[in-house]
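Position 56 of the sequence shown, counting from 1, maps to 56 under UniProt numbering, and the rest follow consecutively.
The beta carbon of each residue, even a glycine, is placed where N, CA and C say it ideally should be.
This report refers to the structure that appears directly beneath it.
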Amino acid sequence: MQHATAEKQRTNITLTAANLAAARELGLNVSAISDAAVAEAVRLAKAKAWAQENASAIAERCAWIEANGTPLSDIQVLKLD
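Next up, the structure:
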């Protein structure tokens, strides 16, 4: 199975000298680690933004369920009560 290679762009980052030296000594790929860390930070920021943007709708839905119960609970196969 082949994966499409994402277009890469050069950039400069600043790391502490000790961390960079340790990574090099251990043969770690600093670029790959940095890219993965940025991807995770982007994922978390998007999730947080989504939660903030949808907070009122989620609160309304929770209030509705609190007042009316879970839809179709009478035919629910797995019951946690």
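Boundaries (first-last residue) of the alpha helix (DSSP H) holding residue i
i   : result
K48 : 30–53
Collapsed DSSP secondary structure at residue i in the structure displayed
i   : result
E7  : coil
L20 : helix
I75 : helix
N68 : helix
I58 : helix
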